[in-house]
Amino acid sequence: MTEVLSSPTKSRVSTLVETIRAQAALPLTEARPLPSATYWDEDFYEHELEHIWRKDWICIARVEEVPDPGSYRAIDLAGEPLMVVRGSDDRVRVFSRVCRHRYADLMGGEKTDAEKTSGCVDRFECPYHAWIYRLDGSLLSAPEMSGRPGFDRSASGLRAIRTEIWQGYVFINLDEDTDIPFDMSAIAEIQDGYDFTDWEIASVIDWGESKVNWKIVIENFLEVYHHIGIHKDVLQPLWRLGKCQQGDYTGPEHYFSRMMAGEDVAIGEEDGHLMHPLFLPAKSGLSSFQRSHTLLLTKFPAYLCAPGPDIAFWFRSLPTGPETHRLEIHLLIPKGNRDVEDFDSKMTEATDFLRLVQGQDATVNEAVQNSSRSRHARDGVLQKHEQPLWQLQKYLASRLPV
Ligand code: FES
Ligand SMILES: [Fe+2]
4 MTEVLSSPTK
14 SRVSTLVETI
24 RAQAALPLTE
34 ARPLPSATYW
44 DEDFYEHELE
54 HIWRKDWICI
64 ARVEEVPDPG
74 SYRAIDLAGE
84 PLMVVRGSDD
94 RVRVFSRVCR
104 HRYADLMGGE
114 KTDAEKTSGC
124 VDRFECPYHA
134 WIYRLDGSLL
144 SAPEMSGRPG
154 FDRSASGLRA
164 IRTEIWQGYV
174 FINLDEDTDI
184 PFDMSAIAEI
194 QDGYDFTDWE
204 IASVIDWGES
214 KVNWKIVIEN
224 FLEVYHHIGI
234 HKDVLQPLWR
244 LGKCQQGDYT
254 GPEHYFSRMM
264 AGEDVAIGEE
274 DGHLMHPLFL
284 PAKSGLSSFQ
294 RSHTLLLTKF
304 PAYLCAPGPD
314 IAFWFRSLPT
324 GPETHRLEIH
334 LLIPKGNRDV
344 EDFDSKMTEA
354 TDFLRLVQGQ
364 DATVNEAVQN
374 SSRSRHARDG
384 VLQKHEQPLW
394 QLQKYLASRL
404 PV
């Protein structure tokens, strides 16, 4: 590895990719952390944008974020201003927000910050020269343009982004020619019994933008080794490290583990399984095994979900730069579960708990980011519960060319 890194003839990015490939090929018992430069190197980040974020399928929203015809939600991904829109026909589509006239962001101009993020309209009017687009993206009108030679209104609609809706999640692919198929079958199998078509967002923690590389967030989200560290008083009693079960390896794109309820917090026992504590009633139809743990799963790079029997956490974590990301944490509940006594206070309790956990995670994520430029940030080793970090490297190795 040292030999590869010291080669003067290769570009820095190629060298980093080669190091990742070599590490990803190691057995889990010899796994090592990502090269620390991958957390801040601008050229490496551009390489990731080009070959991952602009080429793979990215989970960017839930359909209930655009509940009514005309509802929209603005999302930026890999430098592309996008918006998720529900049309008059109830269909959810994703468009570029770049005006077809002179490229103004449709959510720019004098809109309030709230309007720039989400709202409900009957059409989109560009703030610059007032071109108007319908909810299906087609151009309705363009003032004073009718005589302009070569101008074709019917060919000047907003650019549609490739979109797939799966279990209420909105996935997009910025590359219309991508050769990566949209395939959630492995995740559906892992989720077994959790179909999020029947769930909805009940609470959101908008964590905003943080100075942490996107991969550090994923690594922290997925590994449970740190339950005995930063979360020793909060999560370790709930999901004891020694009881966490890592899932079988199902390919470079997926990872999952099961965080089993600890003895001290279990609310009973059924069929030999300790029952997971709950904020709300468990979703009906789950087996006693499913009610004994919170599942932790990912489809790299952006489907991050932790389904528990009553609440599922969905992280929308998207990179905004080599050393920054933007995070919103969503608490999903089964539809119909709002009709319980003290629903609001129970959701507040759950949200506060997650905010506490996220606060702890944010501090250690920043601690890793802040020291990642040190020349001593090298030669680390992974513990076996850090298997998802090794799998992330397998994913990166599978996507990034040298
Ligand atoms: S840039 Fe949108 S109307 Fe001119
Ligand atoms: Fe954590």
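Just so you know, the working numbering puts 76 at position 73 of the sequence shown, and the rest follows in order with no gaps. Cβ coordinates follow ideal geometry from the N, Cα and C atoms, glycine included.
In the pairwise beta carbon analysis, the stretch 195-211 is classified as touching the stretch 331-349: at least three pairs are separated by under 8 angstroms.
By the neighbour-count criterion, in which 16 or more other beta carbons inside 10 Å mark a residue as buried, serine 14 falls on the exposed side. In this structure, arginine 89 places its C-beta atom within 8 angstroms of the C-beta atom of valine 69.
Distances between the C-beta of histidine 276 and the heavy atoms of ligand 2 are all 7 angstroms or more. Contiguous beta strand (DSSP E) elements confined to the stretch 61-102 occur at 61-65, 74-80, 83-89 and 95-99, taking only those with 3 or more residues. Taken through DSSP and simplified to helix, strand or coil, tyrosine 42 comes out as helix. Per DSSP, isoleucine 221 is not a residue of any beta strand (DSSP E); the alpha helix (DSSP H) it occupies stretches across 217-225. Within the DSSP secondary-structure output, valine 173 pairs in a beta bridge with Ala64 and Ile168. Taking 7 angstroms as the cut-off, the C-beta of histidine 388 does not count as close to any heavy atom of ligand 2.
In this structure, ligand 2 has no non-hydrogen atom nearer than 7 angstroms to the beta-carbon of histidine 328. In the structure shown, tryptophan 56 falls within a helical segment according to DSSP collapsed to helix, strand and coil. Just measuring C-alpha positions, the residue of Asn368, Trp210, Glu344 and Leu109 sitting nearest phenylalanine 127 is Leu109. In this structure, alanine 77 has its beta carbon at no less than 7 angstroms from each heavy atom of ligand 1.
Between ligand 2 and the CB of valine 220, the shortest heavy atom gap is not smaller than 7 angstroms. A straight line joining the alpha-carbon of lysine 58 with that of leucine 80 spans about 12 angstroms.
Around the Cβ of leucine 244, a 10 Å sphere holds 16 or more other Cβ atoms; the residue is buried.
Looking only at His333, Pro38, Ala34 and Asp186, the smallest Cα-Cα distance to serine 375 is reached by Pro38. Per the C-alpha coordinates, the member of Glu83, Gly265, Tyr258 and Gln293 positioned closest to aspartate 274 is Gln293.
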